[in-house]
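In my numbering, the protein residues as written are 6 to 187.
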Ligand SMILES: C[S@@+](CC[C@H](N)C(=O)[O-])C[C@H]1O[C@@H](n2cnc3c(N)ncnc32)[C@H](O)[C@@H]1O
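Written as structure tokens, this is what we have:
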């Protein structure tokens, strides 16, 4: 789980988080992106969902003050069944999490449901590098075809303005898949 925060920062930048935004991160892990978002959504709300109680505890520890202030909530749960009402969030993200979702389509449908009209979604994935060594996570990254499948799934569930952006951070190439709620 140890990695730099450059990819979190890039994905958060792409979402252009504003002070009043209500932002959901699925697969929030140790809460690094949550901390970055909470520094920007100063009058809004930041919610992290992760099935792992260990990750929820780590993220809570990292964001203790913002949790106490009620600006950050961290909950156990899965992208497949998000415990939120329709249109609860203005923005949502998932970084290095989609690899583990039981169903990409179900997860994307849930994210579409909880985003408000015009809400923005950013999904960050690591790209496959065939020559990466055994300990390099890029060895297990996604191929261009797998990214294409995700962009098609976004359009299939109703997201519009779907696009991808790429950035090389340290020795990895990260792809951001962006979409907007219909
Ligand atoms: C590699 S970690 C990434 C954590 C963090 N986003 C980051 O980039 O550091 C993947 C996270 O996805 C979570 N995850 C696994 N299955 C999930 C699901 N069904 N719904 C949401 N998150 C899930 C894992 O518990 C884990 O915290």
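Note that beta-carbon positions come from the ideal geometry of N, C-alpha and C, so glycine has one too.
Being a predicted model, the structure only gives us computed values, none of them experimental.
Should residue i and residue j be called a contact, given that it needs their Cβ atoms to be closer than 7 angstroms?
i: residue 64; j: residue 108; result: no
i: residue 126; j: residue 184; result: yes
i: residue 143; j: residue 110; result: no
i: residue 67; j: residue 40; result: yes
i: residue 46; j: residue 17; result: no
i: residue 162; j: residue 102; result: no
i: residue 115; j: residue 84; result: yes
i: residue 175; j: residue 15; result: no
Determine the closest residue to residue i out of the options, with distance taken between C-alpha atoms.
i: residue 48; options: 56, 27, 61 and 66; result: 27
i: residue 71; options: 162, 43 and 15; result: 43
i: residue 4; options: 100, 29 and 162; result: Outside the shown range of the chain, which is 6 to 187, sits residue 4, and nothing can be said about it.
i: residue 131; options: 179, 30, 119 and 74; result: 179
i: residue 86; options: 73, 15, 55 and 173; result: 55
i: residue 105; options: 57, 160 and 36; result: 57
For residue i, which residues of its own chain have a beta-carbon under 7 angstroms away from its beta-carbon, when the five flanking residues on both sides are left out?
i: residue 156; result: 167, 169 and 182
i: residue 123; result: 185 and 186
i: residue 25; result: 48 and 49
i: residue 51; result: 28, 39, 42, 43, 76 and 77
i: residue 160; result: 167
Take residue i and list the residues in its own chain whose beta-carbon comes closer than 8 angstroms to its own, dropping the five residues that flank it on each side.
i: residue 164; result: 113, 117, 126, 184, 185, 186 and 187
i: residue 19; result: 127, 170, 181 and 183
i: residue 119; result: 29, 87, 89, 90, 91, 92, 93, 94 and 97
Quick check on residue i: does DSSP put it in helix, strand or coil?
i: residue 17; result: helix
i: residue 51; result: strand
i: residue 189; result: Nothing can be reported for residue 189, as the shown portion of the chain is limited to 6 through 187.
i: residue 183; result: strand
i: residue 41; result: helix
i: residue 156; result: helix
Going by beta carbon distance, what residues of the same chain come within less than 6 angstroms of residue i, once the five residues before and after it are set aside?
i: residue 148; result: 133
i: residue 88; result: 82
i: residue 92; result: 121
i: residue 61; result: 55, 79 and 81
*Are the segment 81-96 and the segment 132-142 in contact at 8 angstroms, needing three or more beta carbon pairs?*
Too few Cβ pairs lie closer than 8 angstroms, so no.
*Would you check if the segment 10-19 and the segment 64-84 touch, i.e. whether three or more CB-CB distances between them fall below 8 angstroms?*
Verdict: no, contact absent.
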